[in-house]
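Be aware that the sequence shown starts at 9, since it is given in this note's numbering, and climbs by one per residue. Every residue, glycine too, gets a C-beta built ideally from N, C-alpha and C. Every value quoted in this text rests on a predicted model; they were computed, and no experiment measured them. Accompanying notes for the structure given below.
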Amino acid sequence: MSILKVSIRQVKAARALLGWSQADLAKASDISEPTIKRLEAGDGDLGGRPDTIQKIVDALALAGAEFFDGEYSSTGGPGVRLRDRHP
């Protein structure tokens, strides 16, 4: 399984769109809050162990966040949006 590469800014933006705190993300991803804080303190791509990254991305995606890279962005850069909940 390939892990989606996401940036720390995308994770923070996804949390903001969902109205989640770091504690909310920690609970939803089963990752400790200090780990979430440490990972979000940096810049660039989300680091950490592959399984940690996957748990974070999966939790945000399950809640409705959709990550995309520059290929699908009108601005040419990576981003995040909420999935359309009305088909």
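Taking the straight line between their C-alpha atoms, what separation do you get for residue i and residue j?
{"i": "Arg57", "j": "Leu26", "result": "24 angstroms"}
{"i": "Leu90", "j": "Trp28", "result": "13 angstroms"}
{"i": "Lys20", "j": "Glu48", "result": "7 angstroms"}
{"i": "Asp38", "j": "Asp77", "result": "26 angstroms"}
{"i": "Ser40", "j": "Gln18", "result": "19 angstroms"}
{"i": "Val88", "j": "Ile16", "result": "11 angstroms"}
{"i": "Ala22", "j": "Thr43", "result": "17 angstroms"}
{"i": "Phe75", "j": "Lys63", "result": "14 angstroms"}
Does residue i pass the burial test, meaning 16 or more other C-beta atoms within 10 Å, or should it be called exposed?
{"i": "Pro86", "result": "buried"}
{"i": "Arg46", "result": "exposed"}
{"i": "Ala24", "result": "exposed"}
{"i": "Ala31", "result": "exposed"}
{"i": "Ala54", "result": "In the sequence as displayed, the identity of residue 54 is Leu instead of Ala. Classification for Leu54: buried."}
{"i": "Leu70", "result": "exposed"}
Below 8 angstroms on the Cβ atoms is my guess for residue i versus residue j; work out the distance and round it to an integer in Å.
{"i": "Ala67", "j": "Leu33", "result": "6 angstroms"}
- For the stretch 39-64, list the alpha helix (DSSP H) runs that are entirely contained and at least 4 residues long, ordered along the chain. If only uninterrupted alpha helix (DSSP H) runs of at least 4 residues are considered, those enclosed by the stretch 39-64 are 41-48.
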